[in-house]
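K.L.:
Note that the sequence shown covers residues 506 to 933 in the numbering used here. Using N, Cα and C, we set each Cβ at its ideal position, and we do this for glycine too.
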Amino acid sequence: MAKNTMTLTDNRSGKSFEYNIIDGTRGPSVVDIKSFYKDSGMFTYDPGYTSTASCESKITFIDGENSELRYRGYDIADLAGKRSYLDVSYLLMMGRLPTKAESEDFDLEIRHRSFLNEGIIRLFDALPDGAHPMATMGAATTALSAFYKDHLHLEDEEEFKTMRRRILAKMPTIAAMAYRNSIGTPLIYPDVNKYFTENFLYMLRAYPGGNMKYLGGGKNDEIKQVEVDALDAILTLHADHEQNASTTTVRNVGSTEAHPYVAISSGIAALWGSAHGGANEKVMDQLRLIGDVKNVPSYIAKAKDKNDPFRLMGFGHRVYKNRDPRAETLKKLQDKLKEELNLDSKLLDIAHAVEEAALSDDYFKDRGLYPNIDFYSGVILTALKIPVAMFTPIFVIGRIPGWISQWSELKQDPTHKIARPRQLYTGN
């Protein structure tokens with residue numbers, strides 16, 4: 506009977522080392538090389554950790570070859586747009602979907618936990634006018650650790666539950682206030698009569714007293730249900746994505762015994778980069794650069810020219826080698842919004858022309874360069890009248906249940922250790 510092991514041989518000395526193979530429930534098996542340095546005196550070399558499993562997890566599964574994304578075993582297509590974002594957050598944090606009564610209780614609790622301590626709100630005043638909301642969100646999230654010091658040492662599931670729900674509830678408030686503070690408009694407090702996603706749109710758009718923007722013609726800019734549903738689906742699609750750069754950052758900081766909200770703040774910093782959470786902002790910048798539908802063919806040609814530094818943003822993905830399953834859902838949402846909100850946006854037309862040109866070109870198809878979540882999310886958020894500066898903060902709001910679930914899983918793993926990668930030294 507074949508052994509469930511792998512043997513590595515150093516051809517210089519002829520010495521061989523045998524390691525156990527561990528099989529998961531889905532995806533590739535792993536070779537357990539914890540003792541490799543002790544056995545061989547060598548490190549493994551894997552820049553970007555593209556072939557390294559850094560942890561064991563039961564939260565999210567990705568199969569990049571087959572365009573599959575699952576939260577706790579549920580296919581993303583069965584969740585986004587079909588279950589509320591709060592239900593999906595409950596699933597990630599608690600390991601199962603809530604019952605109807607649990608869903609209602611969870612929603613009510615999140616509404617009442619959405620208010621910020623006034624001390625945190627005063628922190629916004631210390632930041633300069635025009636500060637990017639991501640900078641303010643990072644600072645405010647770190648400050649939460651000073652207001653909830655008891656979360657540093659959690660001992661039972663109830664304490665974990667309270668900590669997770671608190672950060673989930675407060676992040677939309679932090680994000681909305683960070684934006685309004687950046688443009689010098691009065692801050693709007695949460696309304697406990699509104700659902701999570703509607704409340705966020707309300708805090709972005711409302712005037713003091715709860716009045717919405719007046720558009721003339723006897724109409725106020727009331728929040729439409731289709732807008733709430735669309736943003737809710739976007740948040741769901743961003744809720745977790747396995748061991749990406751920001752999630753790995755959260756786990757690494759968490760491994761040092763830092764406060765959970767400090768770990769979340771580190772995730773915010775990692776997500777801010779244009780190669781990660783800031784990519785949808787870059788998509789919109791590029792659409793504005795293209796400027797007109799008639800210019801699309803020339804930019805497609807530039808993207809195909811290996812001597813041209815121009816790169817088509819929003820196409821291809823580090824993990825998904827074919828289609829991004831999240832993009833499929835957002836494509837349907839984009840079409841629905843264009844119809845139901847009667848949109849006639851020049852940027853939407855340019856985006857559609859870019860999409861059509863790329864999808865019909867063998868250059869992109871042969872390389873698996875299909876539209877990813879960033880391509881559609883940027884266009885949809887623009888359709889929802891959300892400022893570009895808020896694209897990445899919305900990504901943060903959506904990712905909170907994933908980050909805090911990953912942190913909790915790490916902390917409750919009795920075998921976890923402080924993260925400490927090694928290096929290949931090539932200096933003097």
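#1: Does the Cβ of Gln730 have 16 or more other Cβ atoms within 10 Å, making it buried, or fewer, making it exposed?
#2: I need the straight-line Cα distance from Phe815 to Tyr825, nearest angstrom please.
#3: Excluding five sequence neighbours on each side, which residues of the same chain lie with their C-beta closer than 8 Å to the C-beta of Asp854?
#4: Cα separation between Ile693 and Ile626?
#5: In the DSSP assignment, what residue or residues form a beta bridge with Ile567?
#6: Can you tell me whether DSSP reads Phe820 as helix, strand or coil?
#7: For Met676, I'd like the list of residues in its chain whose CB is within less than 7 Å of its CB, leaving aside the five on either flank, ordered along the chain.
#8: Give me whichever residues DSSP pairs with Leu513 in a beta bridge.
#9: For Arg457, which three-state DSSP category applies?
#10: Is the distance from the Cβ of Pro830 to the Cβ of Leu574 below 8 Å?
#11: For Ala651, does the three-state DSSP call read helix, strand or coil?
#12: Can you have a look at Leu720 and say buried or exposed, based on whether 16 or more other CB atoms are within 10 angstroms of its CB?
#13: Fully enclosed by the region 743-811, which alpha helix (DSSP H) runs are 4 residues long or longer?
#14: In whole angstroms, what is the alpha-carbon distance linking Ala645 and Asn704?
#15: Give the DSSP-derived three-state secondary structure of Ile538 in the structure shown.
#16: If you run the structure through DSSP and keep just helix, strand and coil, what is Ala585?
#17: So Val593 is in the alpha helix (DSSP H); what residue range does that whole segment cover?
#18: Going by the CB atoms, is the gap between Tyr875 and Asn827 shorter than 8 Å?
#19: Assuming Thr641 and Ala683 are in contact, meaning their beta carbons sit under 8 Å apart, how far apart are those beta carbons, in whole angstroms?
#20: Would you mind working out which of Asp551, Leu776, Val801, Val535 sits nearest Gln928, comparing C-alpha positions?
#21: Under the three-state reduction of DSSP, which class applies to Ile527: helix, strand or coil?
#22: Output yes or no for whether 8 Å exceeds the beta carbon distance between Gly586 and Thr834.
#23: Going by alpha carbons, who is nearest to Thr565 out of Asn800, Tyr554, Gly553, Ile581?
#24: Rounded to whole angstroms, what is the Cα-Cα separation between Ser882 and Asp661?
#25: If you reduce the DSSP assignment to three classes, tell me which class Tyr930 lands in.
#26: Could you pull out every residue in the same chain whose Cβ sits closer than 7 Å to the Cβ of Ile615, ignoring the five residues on either side in sequence?
#27: When burial is assigned at 16 or more other CB atoms within 10 Å of the CB, is Tyr707 buried or exposed?
#28: At which residues does the alpha helix (DSSP H) containing Val697 begin and terminate?
#29: Figure out for me which residue from Ala894, Val593, Asp528, Ile538 has the closest Cα to the Cα of Thr512.
#30: Thinking just about the alpha-carbon of each residue, which of Gly778, Leu842, Pro533 is nearest to the one in Ala738?
#31: If I follow the unbroken alpha helix (DSSP H) through Pro898, where does it start and stop?
#32: Looking at the secondary structure, which residues open and close the alpha helix (DSSP H) in which Tyr684 lies?
#33: By alpha-carbon positions, which one of Asp528, Gly873, Thr897, Ala863 ends up nearest to Arg823?
#34: Please classify Tyr447: does DSSP put it in a helix, a strand, or coil?
#35: Evaluate Tyr542 with the Cβ neighbour count: other Cβ atoms within 10 Å of its Cβ, from every protein chain shown; 16 or more gives buried, anything less gives exposed.
#36: Comparing alpha-carbon positions, which option in Leu776, Lys916, Thr754 lies nearest Ile899?
P.N.:
Well, looking at it:
#1: Here residue 730 is taken as the residue at index 225 of the sequence shown, counted from 1. Per the 10 Å Cβ criterion, exposed.
#2: The sequence position of residue 815 within the sequence shown is 310, counting from 1. The sequence position of residue 825 within the sequence shown is 320, counting from 1. One C-alpha to the other measures close to 22 Å.
#3: Here residue 854 refers to the residue found at position 349 when the sequence shown is read from its first residue. Excluding positions up to five away in sequence, the list reads Val798.
#4: Sequence index remark: in the sequence shown, residue 693 carries index 188 (1-based). Sequence index remark: in the sequence shown, residue 626 carries index 121 (1-based). Cα to Cα, Ile693 sits roughly 11 Å from Ile626.
#5: Numbered from its first residue, the sequence shown carries residue 567 at position 62. DSSP output for Ile567 lists Leu574 as bridge partner(s).
#6: One-based indexing of the sequence shown puts residue 820 at position 315. DSSP places Phe820 in strand when its eight states are reduced to three.
#7: The residue labelled residue 676 in the question sits at position 171 within the sequence shown. Closer than 7 Å at Cβ, skipping near neighbours: Val901, Ile902, Ile905.
#8: Along the sequence shown, read from residue 1 onward, the residue named residue 513 stands at position 8. Paired residues: Phe522.
#9: Past the boundaries of the shown model lies residue 457; the chain is included only from 506 to 933, so the question cannot be answered.
#10: Taking the first residue of the sequence shown as 1, we reach residue 830 at position 325. Taking the first residue of the sequence shown as 1, we reach residue 574 at position 69. Against a cut-off of 8 Å, the Cβ pair of Leu574 and Pro830 comes out as a contact.
#11: Locating residue 651 in the sequence shown gives position 146, counting from the first residue. Looking at Ala651 - three-state DSSP - the assignment turns out to be helix.
#12: Your numbering for residue 720 matches position 215 in the sequence shown. In this prediction, Leu720 has a pLDDT of 48, which is less than 50 and means its spatial position is unreliable; what the coordinates show is noted afterwards. With fewer than 16 other Cβ atoms within 10 Å, it is exposed.
#13: 750-759, 765-776, 784-795, 801-809
#14: For the purposes of this step, residue 645 is identified with residue 140 of the sequence shown, where counting begins at 1. For the purposes of this step, residue 704 is identified with residue 199 of the sequence shown, where counting begins at 1. About 19 Å.
#15: Locating residue 538 in the sequence shown gives position 33, counting from the first residue. Residue state, collapsed to three classes: coil.
#16: In the sequence shown, residue 585 corresponds to position 80, counting from 1. Correct three-state label for Ala585: strand.
#17: Here residue 593 refers to the residue found at position 88 when the sequence shown is read from its first residue. First-last of the alpha helix (DSSP H) with Val593: 590-599.
#18: For the purposes of this step, residue 827 is taken as residue 322 along the sequence shown, with counting starting at 1. For the purposes of this step, residue 875 is taken as residue 370 along the sequence shown, with counting starting at 1. A contact, by the Cβ cut-off of 8 Å.
#19: Along the sequence shown, read from residue 1 onward, the residue named residue 641 stands at position 136. Along the sequence shown, read from residue 1 onward, the residue named residue 683 stands at position 178. At roughly 4 Å, the Cβ-Cβ gap stays under 8 Å, so Thr641 and Ala683 are in contact.
#20: Numbered from its first residue, the sequence shown carries residue 928 at position 423. Ranking Asp551, Leu776, Val801, Val535 by Cα distance to Gln928 puts Asp551 first.
#21: Numbered from 1 along the sequence shown, position 22 holds the residue referred to as residue 527. Residue state, collapsed to three classes: strand.
#22: In the sequence shown, residue 586 corresponds to position 81, counting from 1. In the sequence shown, residue 834 corresponds to position 329, counting from 1. In this structure, Thr834 lies closer than 8 Å to Gly586 by Cβ.
#23: For the purposes of this step, residue 565 is taken as residue 60 along the sequence shown, with counting starting at 1. Among Asn800, Tyr554, Gly553, Ile581, the Cα nearest to that of Thr565 belongs to Ile581.
#24: For this step, residue 882 is matched to residue 377 along the sequence shown. For this step, residue 661 is matched to residue 156 along the sequence shown. When rounded, the distance between both Cα atoms is 38 Å.
#25: Looking up residue 930 in the sequence shown gives position 425. Three-state result, Tyr930: coil.
#26: Within the sequence shown, residue 615 is the residue found at index 110, counting from 1. Cβ neighbours of Ile615 beyond the five flanking positions: Leu591, Arg670, Leu673, Ala674, Phe701.
#27: Here residue 707 is taken as the residue at index 202 of the sequence shown, counted from 1. Tyr707 comes out buried.
#28: As a first step, residue 697 must be located in the sequence shown, where it is residue number 192. That residue, Val697, is in no alpha helix (DSSP H); it is neither H nor E in DSSP.
#29: As a working note, residue 512 is residue 7 in the sequence shown. Thr512 has its Cα closest to that of Ile538, out of Ala894, Val593, Asp528, Ile538.
#30: As a first step, residue 738 must be located in the sequence shown, where it is residue number 233. Answer by Cα proximity: Leu842.
#31: Translated into the one-based positions of the sequence shown, residue 898 becomes position 393. Unbroken alpha helix (DSSP H) run through Pro898: 896-916.
#32: As a first step, residue 684 must be located in the sequence shown, where it is residue number 179. Residues 662-687.
#33: Here residue 823 corresponds to residue number 318 of the sequence shown, with the count starting at 1. The residue with the shortest Cα to Cα distance from Arg823 is Gly873.
#34: Examination of residue 447 is not possible in this model, given that the chain is present from 506 through 933 alone.
#35: Within the sequence shown, the letter at position 37 stands for residue 542. Burial call: exposed.
#36: As a working mapping, residue 899 is identified with position 394 in the sequence shown. Cα-wise, what sits closest to Ile899 is Leu776.
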